[in-house]
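Chains as they are written, first to last, in this note's numbering: chain A, 1 to 301; chain B, 1 to 301.
Just so you know, even glycine gets a beta-carbon here, dropped at the ideal spot from N, CA and C.
The structure under discussion appears below in the form of structure tokens.
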């Protein structure tokens, strides 16, 4: 079924009433940071589409009274990079101290928003929508702050060729690790923007699928607030990744100017305790020693 | 000229190119909290209209390269009530301490969002839009976190009857103090929702106009972030206001159930140092001793 939840609200309500889903996985957003920054039209489309899609879904859940578990794909990019010094990035909520005339007060707040693109900005707006509808209407919402996805196959898709999903490797939709692997496979230099000192969070596509399953089945401790889970398993400096792949596959590295306003270098330590406690068993790049080579083989076929 | 900035983006760009304004006052949003909570349609309209209007304007400013001072009408309601204990509500930014492995870190953050309605929520989304476009594109933006407006006339409108603006006193668009005054004038009990222990911030409409003038003319210290000014001059408990007006005008008070999910009682101390430093000379209810009676006379005419 094809349904544009950003523009077909009445049909969305009808479908929810008809299907009575126990869980909803909301991926229906424009997903590319580079695309979102290209032109006035792409900026406007990203905001209009993403905010209306998310808000329509929330309003429809309130209107239908459905008690479905909602999982939404957010991004690690809402936190910003290097904002909290050497402190690890927490799972959505940050404990801070305020000074008051009656002494210090401790408060847990949604981590301050530090988006690096219009796309990332929409995910910080989504958070506030979730926060309001969880508190005001008791909707059960999990926001998955995902790292950069790599890999092409899940256990399900590898069963049959016809199940293989699209593979994006372009400058708009391709993610960095997949792009490096593809560049190496076709003999193109690996393109690093800036110094490559940017550290980012990663997750294998197989773990992404498992995380979503956990998010919609694991009971929530406190449904009056949106649950935030960091959907990532490891962090790497982009240059380290590029070097690893260049070494393994015999490729060159080309340094390009960085089009983003971001720090040249940053450390990144991220908490993902909740997913680990809920049974996630990560597929890491480092553990999967030969993955780059195997990937090459699969790309070259 | 009539122009829907939420839906007529191309015309908006044309108008900006044509007029080359030095300043833009952005009031083009659905403004009622009760309306925003009424039905699915009003929730959706409030979000769609307000976010698109604000975002279109920001994108149009970037596209045209206009260096105009933008002032937007926000609300005191973004802060929530009673969230920071006895600490005064700061002007947009809150200083907090984070614990890190290398000791405590001090950070200034946008005050955490605690909206009480869909309408208020849109103002918290606006803040994130402003924050991004100030940082990323250097737009000069002032967000005015306004209290509840009272009074009907400014120095300008009182010059001629034809200049008098609309006066809202209904349950959707009427603000509490004006509503009390009108209820008293027509012999209706003053309707207080809940205990009346809610403390709110107020400003006279004459000061509102002056604040906007200041916001678009006073240079910004740091244009890389949105300037937030608390556009209010005094705080009152709603019950105290009701009693004052009931005493002065001989009216009754009727207690009704509170339809909002909010604390029954709250204290409220608000900083407005910036406006005072920039020359605002408040018209306060307390100083203006006979205002209730004079207002009655003007309402009865």
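Next on the checklist: If distances are taken between C-alpha atoms only, which option among A:181, A:152, A:200, A:262 comes closest to residue 246 (chain A)?
Outcome noted: In the first chain, residue 246 (chain A) corresponds to position 246, counting from 1. The option with the nearest alpha carbon to residue 246 (chain A) is A:181.
Checklist entry - Rounded C-beta distance between residue 313 (chain B) and residue 201 (chain B)? I'm assuming under 8 Å. => result Summary: the structure shown does not reach residue 313 (chain B), with chain B confined to residues 1 through 301, and so no result is reported for it.
Checklist entry - Quick one: does residue 150 (chain B) have its CB under 9 Å from some CB of chain A? => result For this step, residue 150 (chain B) is matched to residue 150 along the second chain. Answer no: the Cβ-Cβ gap between residue 150 (chain B) and chain A never drops below 9 Å.
Checklist entry - Can you name the start and end residues of the alpha helix (DSSP H) that residue 262 (chain A) belongs to? => result Locating residue 262 (chain A) in the first chain gives position 262, counting from the first residue. No alpha helix (DSSP H) holds residue 262 (chain A); DSSP gives it neither H nor E.
Item to check | Residues from the region 34-59 of chain B in contact with chain A, defined by Cβ distance under 7 Å | outcome: 40, 43, 44, 47, 48, 51, 52, 55, 56, 59
Checklist entry - Going by alpha carbons, who is nearest to residue 151 (chain A) out of A:171, A:175, A:136? => result Here the question's residue 151 (chain A) lines up with position 151 in the first chain. Minimum Cα distance to residue 151 (chain A) is reached at A:175.
Checklist entry - Would DSSP call residue 285 (chain B) helix, strand or coil? => result Your numbering for residue 285 (chain B) matches position 285 in the second chain. Note: residue 285 (chain B) maps to coil in three-state DSSP.
Checklist entry - For residue 177 (chain A), which option in A:149, A:154, A:57 has the closest C-alpha, if you only look at C-alpha atoms? => result Position 177 of the first chain, counted from the start, is the residue given in the question as residue 177 (chain A). The option with the nearest alpha carbon to residue 177 (chain A) is A:149.
Checklist entry - Excluding five sequence neighbours on each side, which residues of the same chain lie with their C-beta closer than 8 Å to the C-beta of residue 198 (chain B)? => result As a position in the second chain, residue 198 (chain B) is number 198, starting the count at 1. So the qualifying residues of the chain are 81, 237, 238, 262, 263, 264, 265, 266.
Item to check | CB contact below 9 Å: residue 230 (chain B) versus chain A | outcome: Along the second chain, one-based indexing puts residue 230 (chain B) at 230. For residue 230 (chain B), the answer is no, since every Cβ of chain A falls outside 9 Å of its Cβ.
Checklist entry - Should residue 48 (chain B) and residue 52 (chain A) be called a contact, given that it needs their Cβ atoms to be closer than 9 Å? => result As a working mapping, residue 48 (chain B) is identified with position 48 in the second chain. As a working mapping, residue 52 (chain A) is identified with position 52 in the first chain. Yes. Within cutoff.
Checklist entry - Which ranges would you report for the alpha helix (DSSP H) in the region 217-264 of chain A if only whole runs of at least 4 residues count? => result 238-249
Next on the checklist: At a CB distance below 9 Å, what residues from the region 241-263 of chain B approach chain A? Give them in sequence order.
Outcome noted: 261
Checklist entry - Taking the alpha-carbon positions, what's the residue 221 (chain A) to residue 67 (chain A) distance? => result Taking the first chain and counting its residues from 1, one reaches residue 221 (chain A) at position 221. Taking the first chain and counting its residues from 1, one reaches residue 67 (chain A) at position 67. Between residue 221 (chain A) and residue 67 (chain A), the C-alpha separation is close to 16 Å.
Next on the checklist: Looking only at its chain, what residues have a beta carbon closer than 7 Å to the beta carbon of residue 169 (chain A), apart from the 5 residues adjacent to it on each side?
Outcome noted: Taking the first chain and counting its residues from 1, the one referred to as residue 169 (chain A) is at position 169. These residues qualify, in order along the chain: 178, 179, 182.
Checklist entry - So, are the CB atoms of residue 24 (chain B) and residue 61 (chain B) less than 9 Å apart? => result Here residue 24 (chain B) is taken as the residue at index 24 of the second chain, counted from 1. Here residue 61 (chain B) is taken as the residue at index 61 of the second chain, counted from 1. In this structure, residue 61 (chain B) lies closer than 9 Å to residue 24 (chain B) by Cβ.
Checklist entry - Run through DSSP, which three-state label would residue 91 (chain A) get? => result Residue mapping note: residue 91 (chain A) aligns to position 91 of the first chain, counting from 1. Residue 91 (chain A) falls in the coil class under three-state DSSP.
Next on the checklist: Give me the subset of the region 5-28 of chain B whose CB atoms are less than 9 Å from a CB atom of chain A, sorted by chain position.
Outcome noted: 9, 13
Item to check | Cβ separation of residue 8 (chain A) and residue 228 (chain A), assumed to be a contact under 8 Å, to the nearest whole Å | outcome: The count along the first chain starts at 1 and reaches residue 8 (chain A) at position 8. The count along the first chain starts at 1 and reaches residue 228 (chain A) at position 228. Contact doesn't hold; Cβ gap of about 29 Å is too wide.
Next on the checklist: Helix, strand or coil, according to DSSP, for residue 301 (chain B) in the structure here?
Outcome noted: As a working mapping, residue 301 (chain B) is identified with position 301 in the second chain. Caution is warranted here: a pLDDT of 42 is assigned to residue 301 (chain B), below 50, making its placement in the model unreliable, and the coordinate value is therefore given only provisionally. Here residue 301 (chain B) sits in coil by DSSP.
Item to check | Between the CA atoms of residue 144 (chain B) and residue 272 (chain B) - distance to the nearest angstrom | outcome: If you number the second chain from 1, residue 272 (chain B) lands on position 272. If you number the second chain from 1, residue 144 (chain B) lands on position 144. Using only the alpha carbons, I get a separation of about 11 Å.
Checklist entry - Is the CB of residue 136 (chain B) under 9 Å away from at least one CB in chain A? => result Here residue 136 (chain B) corresponds to residue number 136 of the second chain, with the count starting at 1. Yes, because at least one Cβ of chain A sits closer than 9 Å to the Cβ of residue 136 (chain B).
Item to check | C-alpha gap between residue 139 (chain B) and residue 226 (chain B), whole angstroms | outcome: For this step, residue 139 (chain B) is matched to residue 139 along the second chain. For this step, residue 226 (chain B) is matched to residue 226 along the second chain. One C-alpha to the other measures close to 8 Å.
Item to check | Alpha-carbon to alpha-carbon, residue 240 (chain B) and residue 130 (chain A) | outcome: Counting from one through the first chain, the residue named residue 130 (chain A) turns up at place 130. Counting from one through the second chain, the residue named residue 240 (chain B) turns up at place 240. Each residue's Cα considered, the two are about 35 Å apart.
Next on the checklist: Closest to residue 284 (chain B) by C-alpha separation, out of B:147, B:70, B:186, would be which residue?
Outcome noted: Residue 284 (chain B) sits at position 284 when you count from the first residue of the second chain. When only C-alpha atoms are compared, the closest one is B:147.
Item to check | Reference residue 38 (chain A), options A:113, A:118, A:13, A:86, closest by Cα | outcome: As a working mapping, residue 38 (chain A) is identified with position 38 in the first chain. Residue A:118 is the option with its Cα nearest to residue 38 (chain A).
Next on the checklist: Just to confirm the assignment: which complete beta strand (DSSP E) runs, minimum length 3, are found wholly within the region 49-132 of chain A?
Outcome noted: 69-75, 93-100, 103-110
Checklist entry - Can a CB atom of chain B be found closer than 9 Å to the CB of residue 66 (chain A)? => result Counted from its first residue, the first chain places residue 66 (chain A) at position 66. Output row for residue 66 (chain A): interface = no.
Item to check | C-alpha distance - residue 282 (chain B) paired with residue 69 (chain B), whole-angstrom precision | outcome: Locating residue 282 (chain B) in the second chain gives position 282, counting from the first residue. Locating residue 69 (chain B) in the second chain gives position 69, counting from the first residue. If I take the Cα positions, the gap works out to 24 Å.
Item to check | Inter-residue spacing [alpha-carbon to alpha-carbon] between residue 132 (chain B) and residue 32 (chain A) | outcome: What you label residue 132 (chain B) is simply residue 132 of the second chain in a count that begins at 1. What you label residue 32 (chain A) is simply residue 32 of the first chain in a count that begins at 1. Computed Cα separation, rounded: 17 Å.
Next on the checklist: With a threshold of 9 Å between beta-carbons, can residue 100 (chain B) be considered close to chain A, or not?
Outcome noted: On the second chain, position 100 is the one that residue 100 (chain B) refers to. Cβ-Cβ to chain A under 9 Å: yes for residue 100 (chain B).
Item to check | Simplified DSSP assignment, three categories, for residue 201 (chain B) | outcome: Numbered from its first residue, the second chain carries residue 201 (chain B) at position 201. Three-state result, residue 201 (chain B): strand.
Checklist entry - Cβ of residue 106 (chain A) versus every heavy atom of the ligand NAP: is any distance shorter than 8 Å? => result The ligand content of the structure shown is nil, which means the ligand NAP is not present either.
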